[in-house]
Every structure is written in structure tokens, then in C-alpha cells.
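Single-structure report; data block below.
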Amino acid sequence: MIEILSPAQLPGARAAGRLVGRILETLRRRTVAGTNLLEIDEWARTMIDDAGAVSCYVDYAPSFGRGPFGHHICTAVNDAVLHGLPHDRALADGDLLTLDLAVVLDGIAADSALSFVVGPTRPPECLALIDVTERALAAAIATVRPGARIGDLSHAIGEVLLGDGYRVNLQFGGHGIGSTMHQDPHVANTGRPGRGYRLRPGLLLALEPWVMADADELVTDPDGWTLRSATGCLTAHSEHTVAVTENGVEVLTLRPDVLE
Numbered sequence: 001m002i003e004i005l006s007p008a009q010l011p012g013a014r015a016a017g018r019l020v021g022r023i024l025e026t027l028r029r030r031t032v033a034g035t036n037l038l039e040i041d042e043w044a045r046t047m048i049d050d051a052g053a054v055s056c057y058v059d060y061a062p063s064f065g066r067g068p069f070g071h072h073i074c075t076a077v078n079d080a081v082l083h084g085l086p087h088d089r090a091l092a093d094g095d096l097l098t099l100d101l102a103v104v105l106d107g108i109a110a111d112s113a114l115s116f117v118v119g120p121t122r123p124p125e126c127l128a129l130i131d132v133t134e135r136a137l138a139a140a141i142a143t144v145r146p147g148a149r150i151g152d153l154s155h156a157i158g159e160v161l162l163g164d165g166y167r168v169n170l171q172f173g174g175h176g177i178g179s180t181m182h183q184d185p186h187v188a189n190t191g192r193p194g195r196g197y198r199l200r201p202g203l204l205l206a207l208e209p210w211v212m213a214d215a216d217e218l219v220t221d222p223d224g225w226t227l228r229s230a231t232g233c234l235t236a237h238s239e240h241t242v243a244v245t246e247n248g249v250e251v252l253t254l255r256p257d258v259l260e
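Letter 170 of the sequence shown, counting from 1, is numbered 170 in the UniProt record's numbering, and no numbers are missing.
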């Protein structure tokens with residue numbers, strides 16, 4: 001299903017996006033060496049509940065997972081990149097942590113992810129991975145406008161990721177979003193321009209470049225959810241929900257640190 005929001009629904013999408021951005025930034029600021037992944041999940045649950053929203057992940061049970069997910073946020077550490085199931089693990093200085101959060105507020109979903117290094121240590125290989133996913137995301141966002149095609153966005157992402165020497169996995173990518181978290185169209189992280197669905201005002205897309213340092217294959221943890229690089233290499237993931245507007249694009253999940 002491809003869902004097109006009406007102009008009257010856009011304020012609700014903005015509110016959902018602001019909530020996701022605020023929660024992610026709050027979690028980033030709170031997380032230090034010694035923070036437990038289950039603490040992060042509980043902090044997310046409290047903020048979601050306080051806002052009157054619902055996590056998209058608690059009852060999430062797609063065909064590829066061992067569902068339901070049962071937690072409120074995805075927490076992926078170092079070689080884990082997608083669907084990281086929160087568990088009893090204390091983070092260490094220098095860990096590369098990805099937080100991926102999607103909520104529904106008043107009937108509209110928003111989805112965003114960020115990767116960051118825990119503590120004062122800043123390993124260059126972690127920073128490079130984060131940087132390339134953020135630049136790929138920015139390139140895709142710059143391509144969004146009415147009349148553009150999904151392939152244009154995929155191509156923009158791939159140009160950055162492949163241009164920096166990373167391999168691209170095509171199993172998971174961006175997606176449409178609206179009243180539910182995952183909708184059509186699929187947005188692969190590389191592709192051919194001029195192909196695919198033509199963007200229309202009112203379409204919401206969750207764009208999410210992610211990479212692994214030296215691999216393009218994933219393996220699944222025994223928990224049935226957490227996806228890791230097949231080689232054990234570091235990973236990173238950046239994501240925003242955007243709205244196609246009459247004049248171009250609006251990023252809905254900007255975090256307070258960016259807005260400031």
C-alpha cells in the first residue's frame with residue numbers, strides 16, 4: 001500500500017516526527033559508558049507513554065523476525081546494525097550505538113535512527129561510518145521533490161556509499177510510512193535514476209542508509225531479531241522521515257540539536 005496524506009494530516013505527521021526526534025536526542029544525551037540497553041528501552045517507553053504515543057516495535061512481528069519484538073526501541077551495538085533487540089548489556093566507552101525508533105502519534109507514524117559513539121573516545125573508523133551514512137541521507141533528502149522517482153533517491157544514496165568504497169546490502173532499506181510504520185514504496189540504498197514510483201505531495205518516506213565496514217552480508221542473532229555484519233565489522237545507520245511537499249521536501253524527524 002502507498003498512502004498519500006492530505007494537507008490536513010501534515011501537522012499530525014510533524015508532531016509525530018518532532019516526538020521521535022526529541023526522544024532520540026534525549027536518549028543520545030543520557031547514554032554514557034555503563035548505560036544498560038534495557039535502561040534505554042525503559043527511558044524510551046516512559047517518554048512514548050508520557051506523550052500519548054505508541055511504539056511501532058512492541059507488537060512488531062514481520063515474517064523475517066521472531067516476533068513480536070516486545071521492546072520499544074531498537075538498540076544495535078558495534079557489529080549489529082538493524083533490529084537490535086534490547087538486552088542486558090552495559091555499554092562501554094567507544095561503543096558504536098545505533099538507536100532506531102518509530103512511534104505512532106494520533107494515527108500517524110514517524111521513524112528515525114541515529115548512530116553515535118558512547119563516551120569520550122572517538123574511534124576514527126566509527127566516525128567514518130557515521131559520516132558516510134549521514135552524507136548519504138542528506139543526498140537522498142536533497143533529491144526529494146514532486147515528480148522525482150524512487151530510483152533517483154536510491155541512486156543518490158548509492159553514489160555516496162559506493163563512492164566511499166562501502167558495499168551496499170539490498171535486503172533492507174527505506175520505505176513508505178503513514179498510518180503504519182512500513183509501507184510501499186521500498187527505497188533501496190542504491191539504484192538506477194529515473195526508475196520506480198513517481199513522488200507526489202503528501203507521500204511520507206523513511207530514508208535509511210546503513211553500511212557495514214567491510215561486508216554486505218548479514219547474520220541473525222539467536223534472539224531472532226538482531227542483524228549483524230557477517231564478518232563482525234562495525235556498522236552504522238542514519239534515518240529520517242520526510243514528507244514530499246508541493247515545493248520539495250520537509251524533514252519531519254529533525255532532532256532538537258539540529259533545530260537549535
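Ideal Cβ positions, reconstructed from N, Cα and C, are used throughout, including at glycine.
The beta carbon of ASP79 sits closer than 7 Å to those of ARG228, SER229, GLY232, CYS233, LEU234, THR235, all from its chain and outside the five residues before and after it, given in chain order.
Ranked by Cα distance from LEU97, the first of ALA13, GLY34, VAL77, PRO209 is VAL77. Taking GLY65 as reference, the option from GLU159, ARG45, PRO222 with the minimal CA-CA separation is PRO222. Membership of CYS74 in the beta strand (DSSP E) is indicated by the continuous run 74-77.
ILE48 and SER55 have their C-alpha atoms some 7 Å from each other. With a 10 Å radius around the Cβ and a threshold of 16 neighbouring Cβ atoms, THR143 comes out buried. Secondary structure of THR46 (DSSP, three-state): helix.
Our two residues, LEU162 and LEU137, have alpha carbons roughly 13 Å apart in a direct line. Cα atoms of LEU37 and GLY107: separation of roughly 28 Å, rounded to the nearest angstrom.
Taking 8 Å as the upper bound for CB-CB distance, ASP41 and GLU239 are not in contact here, some 18 Å apart.
Cβ atoms of ASP88 and VAL118 stay farther apart than 8 Å, at about 16 Å. A distance below 6 Å between beta-carbons, with the five flanking residues on each side excluded, links HIS155 to the following residues of its chain, in chain order: GLY191, PRO193.
Only residues of its own chain outside the window of five on either side were considered, and among them TYR60, ALA61 have a CB closer than 7 Å to the CB of GLY67, listed in chain order. Considered as a whole, the stretch 154-226 harbours 174-177, 183-187, 204-207, 210-212, 218-220 as its complete beta strand (DSSP E) runs of no fewer than 3 residues, in chain order.
Burial check for PRO86: the Cβ neighbour count within 10 Å reaches 16 or more, so the residue is buried. With respect to ILE2, ASP184 sits close: the two C-beta atoms are nearer than 8 Å.
Measuring C-alpha to C-alpha distances from GLY174 to each of TYR166, ALA110, ILE73, ARG22 identifies ALA110 as the nearest. Taking ALA215 as the centre and dropping the five residues before and after it, the same chain places the C-beta of ARG167, SER229, ALA230, THR231, CYS233 closer than 7 Å to its C-beta, in chain order. Taking the C-beta atoms as reference points, THR226 is found no nearer than 8 Å to HIS71. With fewer than 16 neighbouring CB atoms inside 10 Å of its own CB, PRO120 falls in the exposed class. In the DSSP assignment, LEU19 falls within the unbroken alpha helix (DSSP H) covering 10-30.
Comparing alpha carbon positions, the residue from SER179, GLY202, ASP131, ILE150 closest to VAL160 is ASP131. Contact between SER112 and THR133 is absent: CB atoms are separated by about 13 Å, not below the 8 Å threshold. Within the model, the alpha-carbon separation for PRO11 versus VAL103 is close to 15 Å.
The secondary-structure analysis by DSSP pairs GLY248 across a beta bridge with THR245.
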